[in-house]
Amino acid sequence: MSSTSGLELSAAYHREVVAPLLESRLPGLPYAAARLGSGSDVLGFDDAQSRDHDWGLRLTLLVEDGAAEEVDALLERELPAQWRGHPVRFATTWEPVVRQRAEVASAADFAASRVGIAPQRLDGAAPLDLVDWLQLTGQAALEVTAGPVFDDGTGAITAIRERLRTYPEDVRRYAIGADWTRIGQELADVGRAGLRGDEDGSAVIAARHVRTLLHLAHLLHRRWSPYGKWLARSAAALPDGDALRRSVLAVLRAQDWRTRQGALAALVEQVAALQGHVGLPTLDPATEPFFDRPHVGLRGLPELLAEEITDPAVRALRPGIGTAEQISDHVSVLVDPVLRRRLVGG
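Numbering (the numbering used here), first residue to last: 39 to 384.
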């Protein structure tokens with residue numbers, strides 16, 4: 039089996055097959071070609087196992103002025119049956135119909151289908167509002183911003199990707215504070231469960247905190263976090279990600295609650311120090327004794343961040359609740375923009 043990655047395959051497919059076809063049949067048509075949307079290959083994380091479904095000759099073609107239907111019909115009609123031993127037409131899990139898999143749309147319509155924000159806001163005709171940002175998940179944003187653009191003949195998708203590059207600063211501070219709030223609410227419970235002899239419960243709570251801290255590390259680095267399958271791998275690719283990964287493994291591999299609690303406290307201190315390194319207010323130390331118990335609590339990091347928020351709309355939000363993906367981790371909710379908006383009051 040070839041070791042070619044999905045991104046390499048898509049780039050070559052565009053260069054050698056799709057682009058020549060468009061140039062010969064629709065000369066002068068401005069378009070963008072990219073590999074965006076769903077799929078582990080968009081993040082560069084695909085491997086041999088990824089090929090058992092939804093992997094192959096996939097592209098994103100973005101055309102404006104209502105040309106999408108014409109381009110899609112042309113490709114369906116004139117593309118070859120296979121290329122480099124891969125079928126050009128195949129069914130997917132979201133559309134069990136055998137057809138060509140270059141997704142054709144306008145840039146704004148494509149992005150809207152992924153992030154749940156109205157096309158007129160994405161193309162700059164109207165600004166993104168607070169609910170747009172709060173309902174946006176990292177995975178949805180990555181499906182627009184993470185994959186490579188091979189050719190952008192219109193400039194539209196590049197402008198949208200820049201618009202979705204990261205949260206506005208006050209929304210980012212609010213989201214960071216929400217992660218710290220979640221950690222603070224149950225940090226001491228890692229030790230409390232262990233003290234009661236519940237090592238399993240202590241480990242489960244610690245793992246929840248690890249997931250929150252990995253999400254938080256992405257926010258601090260102004261990176262979108264992917265969904266759970268790739269969260270740890272993406273975090274390991276952050277600046278100083280190797281050190282973060284070692285600290286995470288120390289928590290997850292701990293065999294007793296005292297070791298686990300100490301490793302988790304060290305991880306919290308590490309992420310709190312990162313917060314200071316990226317220019318946000320922090321506390322040193324970030325942890326403190328939890329009353330007179332042999333447990334660890336969190337100091338006032340959420341309140342410290344809230345003091346820096348100046349946008350009245352963000353300041354009016356209930357502290358510590360956060361964005362849609364911080365409120366719920368249910369997949370059926372997070373892939374549905376309507377449900378996400380309900381979560382954040384939209």
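For glycine and all other residues, C-beta sits at the position ideal for the given N, C-alpha and C. It should be emphasised that the depicted structure is a prediction, and the values quoted were computed from it without experimental measurement.
Where F328 and A184 are concerned, what is the direct C-alpha to C-alpha distance, given to the nearest angstrom?
41 angstroms
Looking at the ligand MN, does it come within less than 7 angstroms of L172, judged from the CB to the closest heavy atom?
Of ligands this structure carries none, so the ligand MN is not represented either.
Would you be able to state if there are at least three C-beta pairs under 8 angstroms between the region 63-70 and the region 98-105?
yes
Is the separation between the beta-carbon of L225 and that of H247 shorter than 8 angstroms?
yes
May I ask you to report which of helix, strand or coil DSSP gives A72?
strand
Whether or not the region 141-150 and the region 189-205 are in contact is what I'm after, with contact meaning three or more pairs of Cβ atoms, one per stretch, closer than 8 angstroms; do they touch?
yes
So L100 is in the alpha helix (DSSP H); what residue range does that whole segment cover?
Segment L97 to L100 is the beta strand (DSSP E) holding L100; no alpha helix (DSSP H) there.
When Q177, V286 and V136 are compared against Y265, the one with the closest alpha-carbon:
Q177
Have a look at R296, H259, T297 and W295 and flag the residue whose alpha-carbon is nearest the alpha-carbon of L282.
H259
Less than 8 angstroms separating the beta-carbons of I221 and L336?
yes
Roughly how many whole angstroms lie between the Cα atoms of D280 and A270?
11 angstroms
Let me make sure I understand the geometry here. Which of S62, H52, F83 and V55 has the alpha-carbon closest to that of W268?
F83
Taking DSSP as the reference, what is the three-state secondary structure of W121?
strand
On the three-pair Cβ rule with 8 angstroms, is the region 227-244 touching the region 294-301?
yes
Residue from A245, S43, A111 and D161 whose Cα sits closest to the Cα of L95
S43
Status (buried if at least 16 other CB within 10 Å, exposed otherwise) for A354
exposed
For L336, list the residues DSSP reports as bridge partners.
T325
Considering only C-alpha positions, which residue in the set G229, L257 and R199 is nearest to A216?
L257
Roughly how many whole angstroms lie between the Cα atoms of M39 and T131?
Model confidence at M39 stands at a pLDDT of 48, short of 50, so the residue's coordinates are unreliable and nothing is read from them.
Over what stretch of residues does the alpha helix (DSSP H) that includes E207 continue unbroken?
E207 to E224
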